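Under full-length UniProt numbering, the first residue of the sequence shown is numbered 1, with each subsequent residue one higher.
Just so it is clear, CB atoms sit at the ideal spot from N, CA and C, and this is done for glycine as well.
All values reported here derive from a predicted model rather than from experimental measurement.
Working notes for the structure below.
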Amino acid sequence: MLDRLLTLLQRAWRGDKQALASAYAESVQVYGILGQIKGREHLAHFLQECLQAFPDPQISLHEAFADASGSRVALRHHIVWQNLGTGFGRAPSNQRGVLSLTSMLKIQGGQITEQVLGFSTFDLPHLLLLDWGLAVPEVRDPTPELLGAVPGDPAVNPADRALAERFVRAFGARDLAALETLYDPDVELYTPLGWPLRGWNTVRNFVEQFHIANPGLRVGLHDYFASADGQKLCWRIRLHFHNTGTFYGNPPTGDQGKMMESHFILLKEGKIRRQIVGDGGLQLPKGELVDWKMAFPRQVTDPDPALPI
Numbered sequence: 001m002l003d004r005l006l007t008l009l010q011r012a013w014r015g016d017k018q019a020l021a022s023a024y025a026e027s028v029q030v031y032g033i034l035g036q037i038k039g040r041e042h043l044a045h046f047l048q049e050c051l052q053a054f055p056d057p058q059i060s061l062h063e064a065f066a067d068a069s070g071s072r073v074a075l076r077h078h079i080v081w082q083n084l085g086t087g088f089g090r091a092p093s094n095q096r097g098v099l100s101l102t103s104m105l106k107i108q109g110g111q112i113t114e115q116v117l118g119f120s121t122f123d124l125p126h127l128l129l130l131d132w133g134l135a136v137p138e139v140r141d142p143t144p145e146l147l148g149a150v151p152g153d154p155a156v157n158p159a160d161r162a163l164a165e166r167f168v169r170a171f172g173a174r175d176l177a178a179l180e181t182l183y184d185p186d187v188e189l190y191t192p193l194g195w196p197l198r199g200w201n202t203v204r205n206f207v208e209q210f211h212i213a214n215p216g217l218r219v220g221l222h223d224y225f226a227s228a229d230g231q232k233l234c235w236r237i238r239l240h241f242h243n244t245g246t247f248y249g250n251p252p253t254g255d256q257g258k259m260m261e262s263h264f265i266l267l268k269e270g271k272i273r274r275q276i277v278g279d280g281g282l283q284l285p286k287g288e289l290v291d292w293k294m295a296f297p298r299q300v301t302d303p304d305p306a307l308p309i
C-alpha cells in the first residue's frame with residue numbers, strides 16, 4: 001500500500017488530478033507554512049499555483065516509513081525548484097533552491113486524511129519572506145498537546161515514558177543532563193541553520209541558544225509514532241516562544257508566538273543518531289531571516305540516497 005501511495009503522491013505533486021483524487025481523501029486537511037488547506041479541491045488549487053510559480057520541480061523521495069498499523073506514514077522529499085512563473089500573485093524572481101520537505105501523514109482507507117508539512121531548508125522561506133514579503137500565518141497543530149514542559153520542570157522516569165516524551169520534557173525543562181542521555185555522542189542534527197550540526201556538544205549549544213533567546217520557552221508534544229521495526233521515530237512539537245534574549249549574539253526582536261516542528265529520528269542502540277527537523281511555520285524563521293539576516297546552508301544534498309519510486 002505504501003508503494004502505491006508514494007507513486008500517486010509523486011504524480012499528484014506534478015499536477016496529475018487523477019492521482020491527486022486517488023491519494024488524498026476528499027476532506028483531507030493539510031497543514032503547511034502558508035496555513036491550513038481544507039479539502040482536496042483547495043489542495044488541487046494550491047498545487048496548481050505552486051506549479052505555475054515553480055514549473056517542472058525535480059522531486060525525489062529520501063525517507064519513507066509507516067508504523068505497524070499502516071495508518072501513520074512519515075516522508076522526506078527533496079525538491080529542486082526555480083521560480084520561473086507567476087504564482088500566488090507574485091512575479092517570477094528566477095531564483096532557484098532546494099526544499100527539504102517533511103510530511104507526517106494519517107492514512108485511512110488507503111488515502112491521506114491529514115498531512116502536516118515542514119521544511120528543513122531555508123531557500124524557499126527566504127524567497128517567501130524577503131522577496132515575496134508574505135505575511136506570517138500562525139498554523140495550529142491539528143492534535144491537542146500530549147505533554148509539555150518549561151524550564152525547571154522535573155524530569156520524567158525514562159522507564160515508563162516514550163523517547164518523544166522524554167525528549168520534550170528534557171528540552172522544555174532545559175535539563176541538558178537528561179537530554180544528553182538521549183543522544184549518541186556522534187549525533188547529526190539537520191536543521192535549516194545547520195546541515196548538519198555534528199556531535200552532542202554542538203547540539204547542546206544549539207538547544208541552549210533557543211532557551212537564551214526565549215526565556216521561559218515552552219515545548220509541547222502533539223504527535224509521535226515509530227516505524228514498524230522501531231528503529232525510526234517521528235514526533236511533532238510546538239514551541240511557545242517570546243524572543244527577549246539574544247540568539248547567537250543577535251539582539252532580541254520581541255516577537256512571540258507558537259510554531260510547529262516535525263522531528264525525524266534515526267536510532268542507534270536506542271539513542272538518537274540522526275535528527276532532521278522540519279519547521280512547520282515561519283514565526284521563528286522570520287526573525288532568523290528577516291530581522292537578523294542569518295546565513296544558512298544552500299543547495300544542500302540529502303543525507304540519504306533517493307529511493308526508487
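Query: CB of residue 310 within 8 Å of CB of L282, strictly; Result: In the structure as shown, the chain starts at 1 and stops at 309, and residue 310 therefore has no counterpart that could be examined.
Query: Whole-angstrom distance between G230 and G194, CA atom to CA atom; Result: 27 Å
Query: Unbroken stretches of the alpha helix (DSSP H), 4 residues or longer, contained in the UniProt domain "SnoaL-like" (11-114); Result: 17-23 and 40-53
Query: Local conformation of K293 per DSSP, three classes; Result: coil
Query: Through-space distance from G216 to Q209, alpha-carbon basis; Result: 13 Å
Query: Q275, enclosing beta strand (DSSP E) - first and last residue; Result: K271 to D279
Query: Where G228 falls, given that 16 or more other Cβ within 10 Å makes a residue buried; Result: Reading the sequence as shown, one finds Ala at residue 228 and not Gly. It counts as exposed.
Query: Three-state secondary structure assigned by DSSP to G172; Result: helix
Query: 4 or more residues per run - each alpha helix (DSSP H) lying fully within the region 184-246; Result: 200-213
Query: Residue span of the beta strand (DSSP E) that contains R147, given as start and end; Result: At residue 147 the sequence reads Leu, which differs from the Arg that was named. Note, L147: beta strand (DSSP E), L147 to A149.
Query: Residue(s) in a DSSP beta bridge with E165; Result: Paired residue(s): none; E165 is not in a bridge.
Query: Unbroken alpha helix (DSSP H) run spanning L124, endpoints; Result: D123 to H126
Query: Residues that Q256 bridges to, as DSSP identifies them; Result: H242
Query: Any non-hydrogen atom of the ligand HEM within 7 Å of N250 CB; Result: With respect to the ligand HEM, the structure shown offers nothing to examine, as it has no ligands at all.
Query: T121 classed as buried or exposed, judged by whether at least 16 other C-beta atoms fall within 10 angstroms; Result: buried
Query: Cβ-Cβ separation, L2 to A64 (assumed contact under 8 Å), whole Å; Result: 7 Å
Query: Buried/exposed call for residue 341, threshold 16 Cβ in 10 Å; Result: Lying outside 1 to 309, the shown extent of the chain, residue 341 is not represented and no answer is given.
Query: Alpha-carbon to alpha-carbon, V203 and N214; Result: 17 Å
Query: Residues near D302 in its chain [Cβ-Cβ closer than 7 Å; skip 5 each side]; Result: H62, H78 and S100
Query: Beta-carbon proximity list for D291, same chain, < 7 Å, skipping 5 on both sides; Result: T253
Query: Close beta carbons around D131, own chain, < 6 Å, minus the five adjacent residues each side; Result: S93
Query: Cβ pair K286, L129 closer than 8 Å; Result: yes
Query: Beta-carbon separation (whole angstroms), F171 vs V219, contact threshold 8 Å; Result: 5 Å
Query: DSSP bridge partner residues for N250 (one or two, in chain order); Result: F247
Query: Under 8 Å between C-beta atoms of W174 and L147; Result: The amino acid occupying residue 174 in the given sequence is Arg; Trp does not appear at that position. Contact: no.
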